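Here the structure is laid out as structure tokens; the discussion comes afterwards.
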Amino acid sequence: MNKLESFMKHKKKKDAESKNKNVSDQKEASDTEQEPEAQKPEEEKDPVETLKEELRQKEEALTEKKNEYLRLLAETENFKK
7 MNKLESFMKH KKKKDAESKN KNVSDQKEAS DTEQEPEAQK PEEEKDPVET
57 LKEELRQKEE ALTEKKNEYL RLLAETENFK K
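For the sequence shown, the numbering used here begins at 7 and goes up steadily by one.
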């Protein structure tokens, strides 16, 4: 159980670092690009990118639920002992 929890903490940390890096990269790109295409309205977003973002959000929510389940399971196991 500890290995799984350790792995999940590590993965969550890496995901957060990756997300922060992506946000930084996007900010730099928007600062350097002043083309009209760089500032598209919401309805003109690429549908593939929109779906990727939705999938990422759903994966995060699922990971949070899984972590909560594992935490409760560990508490239950400790209670049984």
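All residues carry an ideal CB built from backbone N, CA and C; glycine is no exception. In this text, all values refer to a predicted model and were calculated from it rather than measured experimentally.
Tell me, to the nearest whole angstrom, how far the beta carbon of residue i is from that of residue j; I am working on the premise that it is less than 8 Å.
| i | j | result |
| --- | --- | --- |
| leucine 79 | leucine 10 | So it is not a contact: roughly 10 Å between Cβ atoms. |
| asparagine 73 | methionine 14 | 6 Å |
Using alpha carbons as the reference points, say which of the options lies closest to residue i.
| i | options | result |
| --- | --- | --- |
| lysine 25 | Lys72, Thr82 and Arg62 | Arg62 |
| lysine 17 | Thr82, Glu65 and Lys51 | Glu65 |
| glutamate 59 | Asn28, Lys19 and Lys71 | Asn28 |
| alanine 67 | Ser12, Asn8 and Asp21 | Asp21 |
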